[in-house]
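S.K.: For the sequence shown, my numbering gives the first residue as 60, with consecutive numbering after it.
The beta-carbon is built from N, C-alpha and C at its ideal position, and this holds for glycine as well.
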Amino acid sequence: MIRQVIWLLLFCPLLTLAQEKEHAYDLALTQGSIYAHTKDVENTKGARPIGIEWSFVWRKTDSTTYRKFYGFPSQGISVQWTNFDNAILSRGFTAAYFIEPEIHFGQDAGMGIRAAAGMAFLNNPHDPQKNPTNSSYSTRLNSYLALGLRPYWQISSQWQAFGMLSYRHTSNGGVSLPNKGVNWITMDAGLRYYPNKKQDLRERILRWKQLGYQKTTRWDIGMFYASRSIDNTSAERFGVLGLSLLVSKQTGRTHAFTLGAELYQDNALREQLKADTLQASAIKSGLLLGHEFLWGRFIFSQQIGMYLFDQSPYYPVWYHRWGLLYRVRERWLLGFQLKAHKHIALFPDLRIQYSFKKRSN
60 MIRQVIWLLL FCPLLTLAQE KEHAYDLALT QGSIYAHTKD VENTKGARPI
110 GIEWSFVWRK TDSTTYRKFY GFPSQGISVQ WTNFDNAILS RGFTAAYFIE
160 PEIHFGQDAG MGIRAAAGMA FLNNPHDPQK NPTNSSYSTR LNSYLALGLR
210 PYWQISSQWQ AFGMLSYRHT SNGGVSLPNK GVNWITMDAG LRYYPNKKQD
260 LRERILRWKQ LGYQKTTRWD IGMFYASRSI DNTSAERFGV LGLSLLVSKQ
310 TGRTHAFTLG AELYQDNALR EQLKADTLQA SAIKSGLLLG HEFLWGRFIF
360 SQQIGMYLFD QSPYYPVWYH RWGLLYRVRE RWLLGFQLKA HKHIALFPDL
410 RIQYSFKKRS N
């Protein structure tokens with residue numbers, strides 16, 4: 060696996076250079092603190108992870124990119140090695156794609172808002188004999204998400220100094236239990252190097268902002284599927300199948316607000332109710348309010364939900380969903396969502412959606 064990752068890091072940037080107008084390299088040192096978000100992971104409290112992160116960054120500055128993102132965000136691939144400063148968690152390696160819109164504070168200063176998603180390889184998962192107290196993760200391969208603020212100062216036309224405050228999370232989304240997740244906050248310090256001079260894009264962005272855009276309303280109907288186990292001791296998995304409805308009202312170039320509903324059958328819940336000899340339905344429905352970032356073909360969504368129908372005694376009435384969709388056709392979208400109650404992930408699902416009506420204002 061490590062060999063394949065190294066190949067991608069060396070080869071993919073070479074492919075990208077042929078079509079990008081600006082590229083750079085980051086090197087940063089990270090120092091953080093574990094957030095023990097529940098009593099089940101109190102044994103990780105006080106840990107001070109340290110790490111080193113390398114990134115390859117590119118930015119397209121043509122008209123197609125502006126029409127897609129309504130700006131010229133940086134994009135990149137980052138890899139990070141982390142020592143979690145805790146014998147239970149041990150060490151980890153992450154590889155992620157990120158997108159980073161910028162706010163400019165003048166010619167030489169600014170701040171990036173970075174959202175990253177990828178995979179994490181963690182080397183000391185839960186094991187009943189070797190590592191029984193690890194409730195944070197139970198698989199070596201996990202999903203990885205991060206959100207950060209990256210203020211920077213342009214030292215010269217080729218060198219940039221930056222700091223970054225990041226919230227980082229890794230878990231397997233409930234694929235295997237226990238799965239409370241690892242959450243840590245980091246303060247990073249690093250340098251960015253531009254082999255060619257950094258471009259000043261302020262005048263170009265101001266010129267493009269004078270052009271109008273169309274606001275749209277989207278009506279989606281979708282289907283989703285997930286697979287999950289009942290509890291920490293069960294290896295057997297059961298299917299979750301559901302339908303979703305969504306109305307999305309665009310309010311800005313890259314923003315929309317949503318109202319949605321969902322109905323699904325949770326077969327893992329059915330088995331849990333049966334094991335506890337409870338007479339209740341495994342069907343659940345909910346109403347959701349949310350927001351979408353519209354980034355070209357990509358849609359990043361955040362939703363708060365409330366159960367309309369839930370006869371089980373196991374979950375609170377409120378939940379939240381985080382999702383990423385990709386528009387493969389004008390009306391077809393593919394992607395995934397993660398459903399969670401408070402800080403605990405319930406399941407990730409794969410979904411397909413069809414926009415059966417679209418209106419331009």
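Report the rounded CA-to-CA distance for Q90 versus W391, giving the unit in angstroms.
M.R.: In the sequence shown, the residue the question calls residue 90 occupies position 31. In the sequence shown, the residue the question calls residue 391 occupies position 332. The alpha-carbon atoms of Q90 and W391 are separated by roughly 42 angstroms.
S.K.: If you draw a straight line from the C-alpha of A77 to the C-alpha of R312, how long is it?
M.R.: In the sequence shown, counting from the first residue as 1, residue 77 sits at position 18. In the sequence shown, counting from the first residue as 1, residue 312 sits at position 253. Residue confidence for A77 is low, a pLDDT of 41 falling below 50, so the modelled location carries little weight; the figure read from the coordinates is stated next. Spanning the two alpha carbons is a distance of roughly 29 angstroms.
S.K.: With contact counted as at least three CB pairs below 8 angstroms, one residue from each stretch, are the stretch 352-359 and the stretch 330-342 in contact?
M.R.: They do not touch, by the three-pair rule.
S.K.: Helix, strand or coil: how does DSSP classify R329 here?
M.R.: If you number the sequence shown from 1, residue 329 lands on position 270. Helix at R329.
S.K.: Pick helix, strand or coil for K308, following the three-state DSSP scheme.
M.R.: Residue numbering aside, residue 308 sits at position 249 when the sequence shown is read from its first letter. K308: strand per DSSP, three-state reduction.
S.K.: Express the C-alpha separation of L181 and L409 in angstroms, rounding to a whole number.
M.R.: Sequence index remark: in the sequence shown, residue 409 carries index 350 (1-based). Sequence index remark: in the sequence shown, residue 181 carries index 122 (1-based). Their Cα atoms are separated by approximately 24 angstroms.
S.K.: So, using beta-carbon positions, are G130 and P108 closer together than 9 angstroms?
M.R.: Taking the sequence shown and counting its residues from 1, the one referred to as residue 130 is at position 71. Taking the sequence shown and counting its residues from 1, the one referred to as residue 108 is at position 49. Contact: no.
S.K.: Roughly how many angstroms lie between the CA atoms of N183 and E321, to the nearest whole one?
M.R.: Mapped onto the sequence shown, residue 183 falls at position 124. Mapped onto the sequence shown, residue 321 falls at position 262. Taking the straight line from one Cα to the other gives about 37 angstroms.
S.K.: With a threshold of 16 other CB atoms inside 10 Å of the CB of G151, please say whether the residue is buried or exposed.
M.R.: As a working mapping, residue 151 is identified with position 92 in the sequence shown. Classification for G151: buried.
S.K.: For a test of the three-state rule: what should DSSP assign to A100, helix, strand or coil?
M.R.: Position 41 of the sequence shown holds residue 100. It is Val, not Ala, that sits at residue 100 in the sequence shown. In the structure shown, V100 sits in a helix (DSSP, three-state: H, G or I).
S.K.: Counting C-beta neighbours from all protein chains within 10 Å, is the total for Q213 16 or more, i.e. buried, or is it exposed?
M.R.: Along the sequence shown, read from residue 1 onward, the residue named residue 213 stands at position 154. Label assigned to Q213: buried.
S.K.: May I ask you to report which of helix, strand or coil DSSP gives A341?
M.R.: By 1-based counting over the sequence shown, the position of residue 341 is 282. Three-state result, A341: coil.
S.K.: I need the DSSP call for A83, collapsed to helix, strand or coil.
M.R.: Numbered from 1 along the sequence shown, position 24 holds the residue referred to as residue 83. Three-state result, A83: strand.
S.K.: By the DSSP assignment, the beta strand (DSSP E) with A106 in it spans what residues?
M.R.: Here the question's residue 106 lines up with position 47 in the sequence shown. Counting along the chain, A106 falls outside any beta strand (DSSP E), and DSSP gives it neither H nor E.
S.K.: For I158, which residues does DSSP report across the bridge?
M.R.: The count along the sequence shown starts at 1 and reaches residue 158 at position 99. Answer is Q134, A174, bridged to I158.
S.K.: Give, in chain order, every unbroken run of the beta strand (DSSP E) that is at least 3 residues long and sits entirely within the stretch 347-376.
M.R.: Listed in chain order, they are 357-368.
S.K.: In this structure, does DSSP put V387 in helix, strand or coil?
M.R.: Walking along the sequence shown from the start, residue 387 turns up at place 328. Correct three-state label for V387: coil.
S.K.: I need the straight-line Cα distance from R388 to G281, nearest angstrom please.
M.R.: Stepping through the sequence shown from its first residue, residue 388 is reached at position 329. Stepping through the sequence shown from its first residue, residue 281 is reached at position 222. Roughly 15 angstroms between the two C-alpha positions.
S.K.: Using alpha carbons as the reference points, say which of Y156, A179, L148 lies closest to N190.
M.R.: Position 131 of the sequence shown, counted from the start, is the residue given in the question as residue 190. Checked all of Y156, A179, L148; the closest Cα to N190 is L148.
S.K.: Name the DSSP beta bridge partners of V234, please?
M.R.: Sequence index remark: in the sequence shown, residue 234 carries index 175 (1-based). V234 pairs with nothing; no bridge assigned.
S.K.: I'd like the span of the beta strand (DSSP E) that includes F283, first residue to last.
M.R.: As a first step, residue 283 must be located in the sequence shown, where it is residue number 224. Per DSSP, F283 belongs to the beta strand (DSSP E) from 275-288.
S.K.: Classify S216 as helix, strand or coil using the three-state DSSP reduction.
M.R.: As a first step, residue 216 is located in the sequence shown; it is residue number 157 there, counting from the start. In the structure shown, S216 sits in coil (DSSP, three-state: anything other than H, G, I, E or B).
S.K.: Here's a check: name, in chain order, each residue in its chain whose Cβ is nearer than 8 angstroms to the Cβ of K257, leaving out the five neighbours to either side.
M.R.: Position 198 of the sequence shown, counted from the first residue, corresponds to residue 257. Excluding sequence neighbours, K257 sits near E81, A83, Q213, S216, Q217, Q219.
S.K.: Identify the residues that DSSP records as bridge partners of Y252: which are they?
M.R.: Your numbering for residue 252 matches position 193 in the sequence shown. Answer is Y84, W218.
S.K.: Under the rule that 16 or more other beta-carbon atoms within 10 Å means buried, what is F406, buried or exposed?
M.R.: The residue you call residue 406 lines up with position 347 of the sequence shown. Counting Cβ neighbours within 10 Å, F406 comes out buried, since at least 16 surround it.
S.K.: For Y378, does the three-state DSSP call read helix, strand or coil?
M.R.: On the sequence shown, residue 378 is found 319 positions in, with the first residue counted as 1. Strand.
S.K.: At the level of alpha carbons, what is the spacing between Y366 and I289?
M.R.: If you number the sequence shown from 1, residue 366 lands on position 307. If you number the sequence shown from 1, residue 289 lands on position 230. Each residue's Cα considered, the two are about 20 angstroms apart.
S.K.: What is the rounded straight-line gap between the Cα of I348 and the Cα of G364?
M.R.: Locating residue 348 in the sequence shown gives position 289, where the first residue counts as 1. Locating residue 364 in the sequence shown gives position 305, where the first residue counts as 1. The question names Ile, yet the displayed sequence has Leu at residue 348. Using only the alpha carbons, I get a separation of about 7 angstroms.
S.K.: Kindly list the residues whose CB is nearer than 6 angstroms to the CB of S122, restricted to its own chain and excluding five residues on each side of it in sequence; keep chain order.
M.R.: For the purposes of this step, residue 122 is taken as the residue at position 63 of the sequence shown. Result list for S122: empty, nothing under 6 angstroms.
S.K.: For T97, collect the residues of the same chain with a Cβ closer than 8 angstroms to its Cβ; drop the 5 residues on either side in sequence, then sort them by chain order.
M.R.: For the purposes of this step, residue 97 is taken as residue 38 along the sequence shown, with counting starting at 1. Correct list, in chain order: K239, H402, I403.
S.K.: To the nearest angstrom, how far is the alpha carbon of N142 from that of L88?
M.R.: Looking up residue 142 in the sequence shown gives position 83. Looking up residue 88 in the sequence shown gives position 29. The alpha-carbon atoms of N142 and L88 are separated by roughly 12 angstroms.
S.K.: Just to confirm my understanding: we take G110, look at its own chain, exclude 5 residues before and 5 after, and list those with CB closer than 6 angstroms. What are they?
M.R.: Along the sequence shown, one-based indexing puts residue 110 at 51. Answer for G110: T89, Q139, W140, T141, listed in chain order.
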